[in-house]
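Take a look at the structure set out below.
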Amino acid sequence: MRKIKSKAKIVGISACLPKHYYKNINYPYQSKKNLIRFINLTGISERRIVNNPGICASDLAEKAINKLVGDLKWNKSDIDFLIFVTQTSDYLTPSTSIILQHKLKLKKEVFAYDINLGCSGVPYGISTAFSLIDNLNLKKGILVLGDVTSKLCNIKDKSSWLLFGDACSAIAIEKQKKTQISYFDYYSDGEGYKDIIVPSHSLAGRNPISVKDFKNLKTDGNIKKKINMTLNGANIFSFSTIKIPENIKNLLKFSKIKDEKIKFCFLHQANKLINENIRDKLNIKKTIFPTSLKKFGNTSSASIPVTIVKNFGGKKLSGICLLSGFGVGLSASNLIYEFKECRISKFIFY
Amino acid sequence: MKNNIYLINIKKELKIKKKISEATLISSLDELDSVGILTFISFADKKYKKKISGDDFINCRSIGDLISLLKK
Numbered sequence: 165m166r167k168i169k170s171k172a173k174i175v176g177i178s179a180c181l182p183k184h185y186y187k188n189i190n191y192p193y194q195s196k197k198n199l200i201r202f203i204n205l206t207g208i209s210e211r212r213i214v215n216n217p218g219i220c221a222s223d224l225a226e227k228a229i230n231k232l233v234g235d236l237k238w239n240k241s242d243i244d245f246l247i248f249v250t251q252t253s254d255y256l257t258p259s260t261s262i263i264l265q266h267k268l269k270l271k272k273e274v275f276a277y278d279i280n281l282g283c284s285g286v287p288y289g290i291s292t293a294f295s296l297i298d299n300l301n302l303k304k305g306i307l308v309l310g311d312v313t314s315k316l317c318n319i320k321d322k323s324s325w326l327l328f329g330d331a332c333s334a335i336a337i338e339k340q341k342k343t344q345i346s347y348f349d350y351y352s353d354g355e356g357y358k359d360i361i362v363p364s365h366s367l368a369g370r371n372p373i374s375v376k377d378f379k380n381l382k383t384d385g386n387i388k389k390k391i392n393m394t395l396n397g398a399n400i401f402s403f404s405t406i407k408i409p410e411n412i413k414n415l416l417k418f419s420k421i422k423d424e425k426i427k428f429c430f431l432h433q434a435n436k437l438i439n440e441n442i443r444d445k446l447n448i449k450k451t452i453f454p455t456s457l458k459k460f461g462n463t464s465s466a467s468i469p470v471t472i473v474k475n476f477g478g479k480k481l482s483g484i485c486l487l488s489g490f491g492v493g494l495s496a497s498n499l500i501y502e503f504k505e506c507r508i509s510k511f512i513f514y
Numbered sequence: 020m021k022n023n024i025y026l027i028n029i030k031k032e033l034k035i036k037k038k039i040s041e042a043t044l045i046s047s048l049d050e051l052d053s054v055g056i057l058t059f060i061s062f063a064d065k066k067y068k069k070k071i072s073g074d075d076f077i078n079c080r081s082i083g084d085l086i087s088l089l090k091k
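Sequences listed follow chains S and R, in order. Convert by adding 164 to the 1-based position in the first sequence; the result is the number in this note's numbering. Convert by adding 19 to the 1-based position in the second sequence; the result is the number in this note's numbering.
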């Protein structure tokens, strides 16, 4: 756990989602009875997914950044850093953030790189951005987070296809005169690396890609290819509902911030069963856990900003908030941060 | 607690329509799909304070095996 004194301030948040949406009740590979049960338990009725193979996470990211920069009336030439937290980059190499530098016409001196993280990405990304401002004396930057996870899922795999939505969000961070205290914790457990995994993805990976990886295989009653995402939902559930409440409680204790001082808890939107289980284990009012699962599903690292935009789009967000990211890795991180007049843009759809 | 009480609670929690016994195979139940597994693990945690992992579940073949997990 860390107590961070930083001059960095989160000044704006935006999110871009695909125009195309998919209603889970129309899924053809499951009975209506089971779909209703799935929707009730996960809380996911529909998801925004890209329906054009030519659209990548960076396209959504570009729109989210342009919206944010426009709303904040920032001059693009003032942007000193661009960090992209994604697991669905345009290419294995180079970093997509560098491609975005060119597309967005940012200055060539911009500090740009990708971070390969999923659902835990928000606190890690913010922590990285804060340290760039404090240690490299950078003034303004954008943290962009998101994935097109639907592209990794096999439509016949009902354990993953119905859960994930696509989205990218952008967070504007700038240097302020005053120092502000935030609290972070970080958690990594590589023993669970197989619990959310795309087993084969390139020639350089642990399982070099080959023709057989494109064949549908039947495992655990689901059909998927080796190039598709595989989930061990039960292990993820155990990790999320045991470790995350414990970590949040420890961070709150460490910060000495009383539970009632927390204005909002923004949990990564995994599914309703997991999120309500975590919520019920915390001594925090149930009414301060905004969600975005119903219409957008699990949107990976974008899920916390998407939830903020869904609930506060067009307004300003202030108050002490808890941000909790957890999932693939297994990886988790929590952040207690006080928002001050943070401008939340309205959704844009692409 | 007797096994038939566990049986009744599992049937109720997972909303299993057909008659089940300890010998009933998990693979024969539509209700124990990926979401059903999460429901069972959540139920074990909330009602019996038992922490069940996915790996524990994988080793189970029958409803009797699930009851053994709850009784551990």
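Note that the Cβ used here is the ideal one computed from N, Cα and C, for glycine as well.
Where A331 (chain S) is concerned, the enclosing beta strand (DSSP E) starts and stops at 331 to 352. Per DSSP, reduced to three states, the secondary structure at V308 (chain S) is strand. By the Cβ test, the segment 453 to 473 of chain S is not in contact with the segment 392 to 407 of chain S, since fewer than three Cβ pairs between them sit closer than 8 Å. In this chain, the beta strand (DSSP E) harbouring D278 (chain S) covers 275 to 279. Cβ neighbours of K69 (chain R) within its own chain (closer than 7 Å, five residues either side excluded): A63, L88, L89, K91. By the CB criterion at 8 Å, S170 (chain S) and S495 (chain S) fall outside the cutoff. For S87 (chain R), not one C-beta of chain S is nearer than 8 Å to its own C-beta.
Closer than 8 Å to the CB of D64 (chain R) there is at least one CB belonging to chain S. Taking all protein chains shown into account, E50 (chain R) has 16 or more neighbouring C-beta atoms within 10 Å of its C-beta and is therefore buried.
Residue pairing by DSSP places L89 (chain R) opposite no residue, since no beta bridge is assigned to it.
For the pair G289 (chain S) and R507 (chain S), the CB atoms are not nearer than the 8 Å cut-off. Here the alpha carbon of I406 (chain S) sits roughly 20 Å from the alpha carbon of S464 (chain S). Only K322, S323 from the segment 312 to 341 of chain S bring a Cβ to less than 8 Å from some Cβ of chain R. Within the segment 409 to 483 of chain S, complete beta strand (DSSP E) segments of at least 3 residues are found at 428 to 431, given in chain order.
Counting only Cβ-Cβ distances below 7 Å, I406 (chain S) has contacts in chain R at K70, in chain order. Non-local beta-carbon contacts of K389 (chain S) in its own chain, meaning distances under 8 Å to residues more than five positions away in sequence, involve N318, D377, F378, K379, N380, L381 in chain order. Taking CB atoms only, S40 (chain R) has no neighbour in chain S less than 8 Å away. Annotation: E440 (chain S) to A172 (chain S) spans about 32 Å, alpha carbon to alpha carbon.
Taken residue by residue, none of the segment 488 to 502 of chain S has a beta-carbon sitting less than 8 Å from a beta-carbon on chain R.
Of all C-beta pairs linking the segment 265 to 274 of chain S to the segment 479 to 487 of chain S, fewer than three are shorter than 8 Å, placing the two stretches out of contact.
Here the segment 342 to 351 of chain S makes no contact with the segment 306 to 321 of chain S; the two share fewer than three CB pairs at distances below 8 Å. Bridge pairing for Y501 (chain S): S:C485 [DSSP].
Checking the DSSP bridge columns, you'll see Y186 (chain S) partnered with S:R211. Closest by C-alpha distance to L57 (chain R), out of S:L437, S:A293, S:I279, S:G282, is S:L437. For the segment 223 to 258 of chain S, the full-length beta strand (DSSP E) segments reaching 3 residues or more read 245 to 249 along the chain.
Taking the CA atoms as reference points, K34 (chain R) sits about 10 Å from I27 (chain R).
I219 (chain S) has its alpha-carbon roughly 14 Å from the corresponding atom of T260 (chain S).
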